[in-house]
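These notes are about the structure you will find just below.
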Amino acid sequence: MSEVNANNRWVRVTNETENGFIEFEFFVADRDLCVELILPAAAFQEFCAINQVRFIDTGAPGLITPSEPGIPLRRIK
C-alpha cells in the first residue's frame, strides 16, 4: 500500500451559483475520496489559498482553470 500524503489537496469546482456561491469537491491525499462543500466566492478563494490546493479541470464550458493556484473564473460575455 502506498503512503498517504495529507499535503496533497485538490479542488474540483462543480458549480457557481447566480448568488455568488462556489460548489466544489475537496480532496485530501486521495483523489478517490472527497467532501462536497459550498462557500461564498471570497471564502472559497481564502480556503484554496490556506489549503494550497491544486485544481482538477472539470472541462465545464465557461470555467477558466488557472495554471497557478487561485479561483477558477467564469468568462463574462
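Per our numbering, the very first residue in the sequence shown carries number 172; after that it's consecutive.
Glycine residues also receive a C-beta, built at the ideal position from the N, C-alpha and C atoms.
Environment of residue i [buried if 16+ CB atoms lie within 10 Å]
i: glutamate 174; result: exposed
i: isoleucine 193; result: buried
i: valine 224; result: buried
i: glutamate 187; result: buried
Beta-carbon proximity list for residue i, same chain, < 7 Å, skipping 5 on both sides
i: arginine 183; result: Phe195, Glu196, Ile227 and Thr229
i: arginine 202; result: Trp181
i: alanine 200; result: Val175, Asn176, Ala177 and Asn179
For residue i, the three-state DSSP class (helix, strand or coil)
i: glutamate 189; result: coil
i: isoleucine 209; result: strand
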